[in-house]
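One structure is given here, and the rest of the page talks about it.
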Amino acid sequence: MWAKLDIAAMRLVSEAAAERHGVVTTDLLRAFGLGSTAVSRWVAAGFLHRVYRGVYAVGHPTLSLEGRWLAAVYACGRGAVLSHLAAACLWGFLKWDEDWPIDITVPTANGRLRREGIRLHRSRTLSVRDVTERSGIPITIPRRILEDLPRVAQPRDFRQACRQAEIKGWRGALPEGHVPNRSDLELLMYALCEKHGLPIPKTRVRIGAYEADFLFGERIIIETDGWETHGTRQAFEDDREREIELALLGYEVHRITWRQILNRPAWVAASLRTILQRTD
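The sequence shown runs 624 to 903 under my numbering.
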């Protein structure tokens, strides 16, 4: 039989846990006036369930995915935030794979010992501008996530995250100085077309001696350029020759830049829709 004092304290802890995905910490329990003896008694009685050292699930041992993520953040100490793959999942850029460790980033000076199932990253560059809160969980912002992901993610997962970030409106999330490769551009174009109700183009279509980036319908070619690859005199000459030869084969060629796809997607979509309607 629980003492009345315990019952009142349990109610407070349960309410606190309900706001924290079912998770509490030793520090929070102490703030409620509970010492180590009371905590040990609650663990023995099955009211608290140890997740990590100093971190407990309240009422039952099964946590939601968000609860597991928050528990991992708590386990890594002051300044810890959800990052990398787990953060990408919480933002909706990827789907969680149970084989992945939970990525947590901490300031360089912080970070406790290794915890099972947690991949700890120490960062000298983590700042308050890189951190926000989502669903009550401290987390890195989309821009920082996409900067961090290539270090731990498979290329296909990184491309998928970039695509979903674009679909969800995070156009400025790609790292500064990042130049999308061809696969990235294809994913960005697919995302733009899906979001704006445009037909999905064919990609890498061989036409004569050339390979078109995107082919809409039978005759509309969209080429995606960047100054990084087309900013020389020879590239300019080659592009003009390519356009003339494709026109002689009956194709209409239009050029857009990857920065326009990222930063002006509505304008790109409206332009594509006008071009396609004109040729129907």
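C-beta atoms are modelled at their ideal positions from N, C-alpha and C, and glycine is treated no differently.
Cutting at 7 Å between CB atoms, please list the residues of its own chain near residue i, excluding the five before and the five after it.
| i | result |
| --- | --- |
| Trp793 | Pro765 |
| Arg673 | Val666, Tyr679 |
| Thr755 | Ile762, Ile764 |
| Leu838 | Pro824, Lys825, Val828, Ile844 |
| Trp850 | A caution first: Trp850 carries a pLDDT of 38, below 50, which makes its placement in the model unreliable, though a value can still be read off. Closer than 7 Å at the Cβ level, and outside the excluded window around Trp850, lies no residue. |
| Arg865 | Tyr833 |
| Ala639 | Val647, Leu651 |
| Ala892 | Leu815, His819, Leu821 |
I think residue i touches residue j, with their Cβ atoms under 8 Å apart; what is that distance to the nearest whole Å?
| i | j | result |
| --- | --- | --- |
| Ala698 | Arg676 | 7 Å |
| Thr897 | Glu875 | About 13 Å; that fails the 8 Å criterion. |
| Arg767 | Asp753 | 4 Å |
| Arg643 | Gly759 | 6 Å |
| Phe716 | Gln777 | Wrong, their Cβ atoms sit about 14 Å apart, outside the cutoff. |
| Leu688 | Trp719 | 6 Å |
| Phe655 | Leu671 | That pair is no contact at about 12 Å. |
| Trp714 | Arg747 | That belief does not hold up - the Cβ atoms of Trp714 and Arg747 are roughly 24 Å apart, past 8 Å. |
When DSSP labels each residue in this structure, what does residue i get in the three-state scheme?
| i | result |
| --- | --- |
| Val775 | coil |
| Ile867 | helix |
| Phe839 | strand |
| Tyr833 | strand |
| Thr897 | helix |
| His644 | coil |
| Ile823 | coil |
| Arg882 | helix |
| Thr852 | Bear in mind that a pLDDT of 45 at Thr852, under 50, signals an unreliable position, so the number given afterwards is only what the model happens to contain. DSSP places Thr852 in helix when its eight states are reduced to three. |
| Leu635 | helix |
| Gly792 | coil |
Excluding five sequence neighbours on each side, which residues of the same chain lie with their C-beta closer than 6 Å to the C-beta of residue i?
| i | result |
| --- | --- |
| Ile790 | Ala814, Lys818 |
| Pro730 | Gly702, Leu749 |
| Ala835 | Val828, Ile844 |
| Asp629 | none |
| Met633 | none |
| Arg742 | Pro724, Asp726 |
| Glu809 | Thr826 |
| Gly690 | His644, Gly645, Val646 |
Ordered along the chain, which non-local residues of its own chain (more than five positions away) have a Cβ less than 8 Å from that of residue i?
| i | result |
| --- | --- |
| Ser577 | It is not possible to answer for residue 577, since the shown part of the chain is limited to 624 through 903. |
| Gly831 | Glu868, Leu869, Leu872 |
| Asp899 | Reading off the sequence, residue 899 comes out as Leu, not Asp. Once the five neighbours on either side are set aside, the close Cβ partners of Leu899 are Leu821, Pro822, Phe839, Gly840, Ile843. |
| His744 | Ser706, His707, Asp726, Ile727, Thr728, Val729, Asp771 |
| Val775 | His707, Leu708, Asp726, Arg742 |
| Ala589 | In the structure as shown, the chain starts at 624 and stops at 903, and residue 589 therefore has no counterpart that could be examined. |
Write down every uninterrupted run of the alpha helix (DSSP H) in the region 691-772 whose length is 4 residues or greater and which is fully enclosed by it, in chain order.
Taken in chain order, the complete alpha helix (DSSP H) segments of 4 residues or longer contained in the region 691-772 are 707-713, 765-771.
Under 8 Å: do the region 679-696 and the region 635-654 share three or more Cβ pairs, one atom per stretch?
Yes, the region 679-696 touches the region 635-654.
So within the region 650-694, which uninterrupted beta strand (DSSP E) runs reach at least 3 residues, ignoring any that extend past its ends?
Entirely contained in the region 650-694, the beta strand (DSSP E) runs reaching 3 residues are, in chain order, 671-675, 678-681.
Between the region 862-877 and the region 830-845, can you find at least three pairs of beta-carbon atoms closer than 8 Å?
Touching, yes, given that three or more Cβ pairs across the two stretches are closer than 8 Å.
Contact between the region 652-668 and the region 699-719: three or more CB pairs below 8 Å?
These segments do not touch.
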